[in-house]
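Structure, as structure tokens:
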Amino acid sequence: MTARDAASPSLGGQAARGAGSTMLGQVIRIALQLLSVVVLARFLDPRDYGIVAMVTAVIGIADVVRDFGLSSAAVQAASLSKAERDQLFWTNTGLGALLTGLCCLCAPLLAALYGDQSIVAVTIALSGTFLVNGMASQYRASLMRSLQFGRVATADVLAAAVGLAAAVVYAILSPTYWAIVVQQTSVAVVGLLVVVGFARWLPGRPRKAVPLRRFYRYGGNLSAAQLMVYLTSNLDSVLLGVMAGPTVLGQYNRAFQLFMLPLRQISAPATRVALPVLSRLQHDAKRFDEFLLRGQAVVVHVVVFALMFAGAFADSLIPLVLGPGWEGVIPIFQILTFAGIAQVAGYASYWVFLARGLTGSNLRFSLATRPFFIAAIVVGSFYGAAGTAVGVAAGTALAWVAGLAWVSRVAEAPGIQMFINAARPVLVYGVASYGASWAIRQYDLSSAPVGVTGIGLVAVLAMACMAYFSWPGFRRDVRGLAQVVSLMKSRGRLSGS
Numbered sequence: 003m004t005a006r007d008a009a010s011p012s013l014g015g016q017a018a019r020g021a022g023s024t025m026l027g028q029v030i031r032i033a034l035q036l037l038s039v040v041v042l043a044r045f046l047d048p049r050d051y052g053i054v055a056m057v058t059a060v061i062g063i064a065d066v067v068r069d070f071g072l073s074s075a076a077v078q079a080a081s082l083s084k085a086e087r088d089q090l091f092w093t094n095t096g097l098g099a100l101l102t103g104l105c106c107l108c109a110p111l112l113a114a115l116y117g118d119q120s121i122v123a124v125t126i127a128l129s130g131t132f133l134v135n136g137m138a139s140q141y142r143a144s145l146m147r148s149l150q151f152g153r154v155a156t157a158d159v160l161a162a163a164v165g166l167a168a169a170v171v172y173a174i175l176s177p178t179y180w181a182i183v184v185q186q187t188s189v190a191v192v193g194l195l196v197v198v199g200f201a202r203w204l205p206g207r208p209r210k211a212v213p214l215r216r217f218y219r220y221g222g223n224l225s226a227a228q229l230m231v232y233l234t235s236n237l238d239s240v241l242l243g244v245m246a247g248p249t250v251l252g253q254y255n256r257a258f259q260l261f262m263l264p265l266r267q268i269s270a271p272a273t274r275v276a277l278p279v280l281s282r283l284q285h286d287a288k289r290f291d292e293f294l295l296r297g298q299a300v301v302v303h304v305v306v307f308a309l310m311f312a313g314a315f316a317d318s319l320i321p322l323v324l325g326p327g328w329e330g331v332i333p334i335f336q337i338l339t340f341a342g343i344a345q346v347a348g349y350a351s352y353w354v355f356l357a358r359g360l361t362g363s364n365l366r367f368s369l370a371t372r373p374f375f376i377a378a379i380v381v382g383s384f385y386g387a388a389g390t391a392v393g394v395a396a397g398t399a400l401a402w403v404a405g406l407a408w409v410s411r412v413a414e415a416p417g418i419q420m421f422i423n424a425a426r427p428v429l430v431y432g433v434a435s436y437g438a439s440w441a442i443r444q445y446d447l448s449s450a451p452v453g454v455t456g457i458g459l460v461a462v463l464a465m466a467c468m469a470y471f472s473w474p475g476f477r478r479d480v481r482g483l484a485q486v487v488s489l490m491k492s493r494g495r496l497s498g499s
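Heads up: the sequence shown begins at 3 in my numbering, then just goes up one per residue.
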């Protein structure tokens, strides 16, 4: 593919159509995830969530190793033969099988770490997902490489729906942490079945002669960086599990999962669209920067609005979502929303690393910055769940700013523009959300959380409209978002005609 081909207008249409189908799928997934949180929180207690969080915080390391960055390597590669694809499938599957066995063997050690023997059975049950996800990796990569984002989104939605249904049925029959285990295993199995059906290919037999060095080099660097990020990002759960026990960890986990709800539904799909598109534009600096900044603006505006509003009105929203008995989640969640904002602001830097093929530089960046993240969490953990949340927020903010400086130097990315792109919505939605919350709290409306939330939403939107008419930069952002939405709709009509 030539630079001219990569920069053709049709790529913009494919990106918009892919973003549209992906966004629709994620809206449905967010609804399902929120429904899962609302329903299961009324059957299960903090300890149930704490038990599963203790396990997943540790054995989740295996999921990073299982992929070994090979799915991203397959998507980013300029060319991919059938033999290479087949061999990558067997590599991911073999790693998944190996890690399933290792996790089963290590289950008693994990139980000894936390002092809870119920962890053994949970670890063994969840370890099977590594094999299943390993088999699915290259099927998903194949669909992404061919820009079939709608099918990937469909697979995700179906898997989430079946997993939720299975969990709710189990929770009704037996309200224990096994409902969460059933949910996670169901999502993995259904996801595999659907992507295999969509991809419509079966792998050939393994061949030793197929050269995969370029994939291993790309994937190895990426996997090492992801592993470091995972270890430091889950250090908070491990420390709280050991120091405070499953109940405190369960409260922290619910706050963490709530603030991660929009992030997890946006980060992977956004990268799924951004990576193949930006990879095709890596030799056209101007178009690359345009697509990068526009994609960042879309993601940041959506997520920052959600997190700022949720944090400002958490004392009304948390009881509505989780029900009674979860009040301890509120201050933890409010702190973590700022970590989420810094994290989503940093997505664009990660896209630059991947699309430019700079996984080695990404690894060096992680090695340079993660020690500060670890130190912040360790210090915060001595002050309980809230202190741990402060450590996470501080470490994430540092990583965002450092990432901008790093990609500006190694990839000539528009770091200053990327910072401004994120700072504008943070300022506007932050002032609007917390200003509206402060004004509404002057009245005694504590007995009407639904009313407070509704009035708050109207007030925040009104203040955002004021910013639209008074701040040209913010007005340009919103108009750009409207153009993206319009392009999604027009492409959707054309593709359906």
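All C-beta atoms, glycine included, are put in the ideal place defined by N, C-alpha and C.
These numbers were taken from a predicted model, which means no experiment stands behind them.
| Asked | Found |
| --- | --- |
| Nearest to Leu-111 (by Cα), restricted to the options Ile-320, Met-56 and Tyr-51 | Met-56 |
| Three-state secondary structure assigned by DSSP to Arg-147 | helix |
| Start-to-end residues for the alpha helix (DSSP H) that takes in Asn-364 | 361-383 |
| Sequence-distant residues of its chain with Cβ nearer than 6 Å to Phe-307 (five each side left out) | Tyr-431 |
| C-alpha distance - Leu-128 paired with Arg-256, whole-angstrom precision | 19 Å |
| Beta-carbon proximity of Tyr-232 to Ile-63, cut-off 8 Å | yes |
| Helix, strand or coil at Ser-499 [DSSP, three-state] | For Ser-499, the pLDDT reaches just 35, beneath the cut-off of 50, and the residue's location in the model is therefore unreliable, leaving the point undetermined. |
| Trp-408 in three-state terms, based on DSSP | helix |
| Contacting residues, own chain, Cβ-Cβ under 7 Å from Val-134 (five flanking each side not counted) | Ala-190, Val-191 and Leu-194 |
| Start-end ranges of the alpha helix (DSSP H) lying completely within the stretch 285-316, minimum 4 residues | 287-314 |
| Span of the alpha helix (DSSP H) around Leu-97 | 84-116 |
| As assigned by DSSP and simplified to three states, the class of Phe-45 | coil |
| Min CB distance Arg-68 to chain C below 8 Å | Absent from the structure is chain C; it holds one protein chain and no more. |
| Proximal residues to Leu-295 (C-beta, below 8 Å), its chain only, five neighbours per side dropped | Ala-350, Pro-416, Gln-419, Met-420 and Asn-423 |
| Ala-1 (DSSP reduced to helix, strand or coil) | Because the chain is modelled from 3 through 499, residue 1 falls outside the range shown and cannot be assessed. |
| Assigned secondary structure, Asn-236 (DSSP; H/G/I helix, E/B strand, else coil) | coil |
| Secondary structure of Leu-280, DSSP reduced to three states | helix |
| Where Arg-6 sits in the DSSP three-state scheme | Low confidence applies here, because Arg-6 scores a pLDDT of 36, under 50, leaving its location unreliable; read the following figure in that light. Reduced to three states, the DSSP call for Arg-6 is helix. |
| 8 Å Cβ cutoff met for Phe-290 and Gln-298 | no |
| Proximity below 8 Å, CB of Leu-107 to CB of Arg-68 | no |
| Nearest-angstrom Cα separation, counted from Leu-429 out to Arg-508 | With the chain covering 3 to 499 only, the question about residue 508 has no answer from this structure. |
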